[in-house]
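*Asks:* The opening position of the sequence shown corresponds to residue 163 in my numbering, with each subsequent residue numbered one higher.
Note that the Cβ used here is the ideal one computed from N, Cα and C, for glycine as well.
Note that the structure is a prediction, hence the values are computed from the model and not measured.
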Amino acid sequence: MKTRLFFTVFMLLLQGGLTESPAVAWSQKGIDAAVPCPKDAIQHYHEGMARQMAMDFNGAAEEYKAAVAIDPNMLEAWSILGMVYHAQGKLIQEKEALERAKQLSQTKAAEMDRRAEELLSENKIAEATDLWQKAKNLDPELDLASAHHRLECITGAMANW
Numbered sequence: 163m164k165t166r167l168f169f170t171v172f173m174l175l176l177q178g179g180l181t182e183s184p185a186v187a188w189s190q191k192g193i194d195a196a197v198p199c200p201k202d203a204i205q206h207y208h209e210g211m212a213r214q215m216a217m218d219f220n221g222a223a224e225e226y227k228a229a230v231a232i233d234p235n236m237l238e239a240w241s242i243l244g245m246v247y248h249a250q251g252k253l254i255q256e257k258e259a260l261e262r263a264k265q266l267s268q269t270k271a272a273e274m275d276r277r278a279e280e281l282l283s284e285n286k287i288a289e290a291t292d293l294w295q296k297a298k299n300l301d302p303e304l305d306l307a308s309a310h311h312r313l314e315c316i317t318g319a320m321a322n323w
């Protein structure tokens, strides 16, 4: 599970997942400046990465915890926090952080599945297929059988048209 989760986080980083944190809209609604915004969470996340690379696991853990305190839906921070806890030998905290990351990845995958269905209904087949693949990468247990069936029906109908 850890390897799959690490790969998922790595892919999110490559796809620019951090710039699309679910709580970004929160900061765009004019919330009081005294309230930490998700940009602060991203800053803590990046500081955690720097400390982790320097083998400062205590400092990294503190930064990742600060990031998820600001943005509890930051999948990337929860995932790597779990890995840092593993490096520290904190197995209970590791399990809790990785469970939270798994819940978030499943939720995000389900949201992507719903959006892909919308794209398919708009006849945006390539975009829908791409989004389903990303959703499947996030949650390999996601059941996409009905999506594949609908996609086959639509592409088959288009080929016969």
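For the segment 220 to 240 and the segment 271 to 281, state whether three or more C-beta atom pairs, one from each stretch, are separated by less than 8 Å.
*Replies:* With a cut-off of 8 Å, the segment 271 to 281 and the segment 220 to 240 do not count as touching, because too few Cβ pairs lie within range.
*Asks:* Please report how far the alpha carbon of Ala324 lies from the alpha carbon of Ala297, in whole angstroms.
*Replies:* An answer regarding residue 324 cannot be provided, because it is not within the stretch 163 to 323 covered by the chain.
*Asks:* For the putative contact between Gly244 and Ala263, defined by C-beta atoms under 8 Å, what is the C-beta separation to the nearest angstrom?
*Replies:* That belief holds up - the Cβ atoms of Gly244 and Ala263 are roughly 6 Å apart, short of 8 Å.
*Asks:* Should Ser267 be labelled buried (16 or more other beta-carbon atoms within 10 Å of its own) or exposed?
*Replies:* So Ser267 counts as buried.
*Asks:* From which residue to which residue does the alpha helix (DSSP H) around Gly251 run?
*Replies:* From DSSP, Gly251 is part of no alpha helix (DSSP H); its letter is neither H nor E.
*Asks:* Have a look at Lys201, His248 and Ala203 and flag the residue whose alpha-carbon is nearest the alpha-carbon of Asn220.
*Replies:* Ranking the options by Cα distance to Asn220, first place goes to His248.
*Asks:* Relative to the C-alpha of Gln265, which residue among Ala278, Pro302 and Glu209 is closest?
*Replies:* For Gln265, the nearest C-alpha among the options comes from Pro302.
*Asks:* Between Ile232 and His206, is the Cβ-Cβ spacing less than 8 Å?
*Replies:* For Ile232 and His206, yes; Cβs fall inside 8 Å.
*Asks:* To the nearest whole angstrom, what separates the beta carbons of Ala222 and Arg213, a pair I think is in contact under 8 Å?
*Replies:* Right, their Cβ atoms sit about 4 Å apart.
*Asks:* Which class does Met274 belong to by DSSP, given the choice of helix, strand or coil?
*Replies:* Helix at Met274.
*Asks:* Would you say Leu300 and Arg277 are within 8 Å of each other, going by their C-beta atoms?
*Replies:* No, they are not a contact pair.
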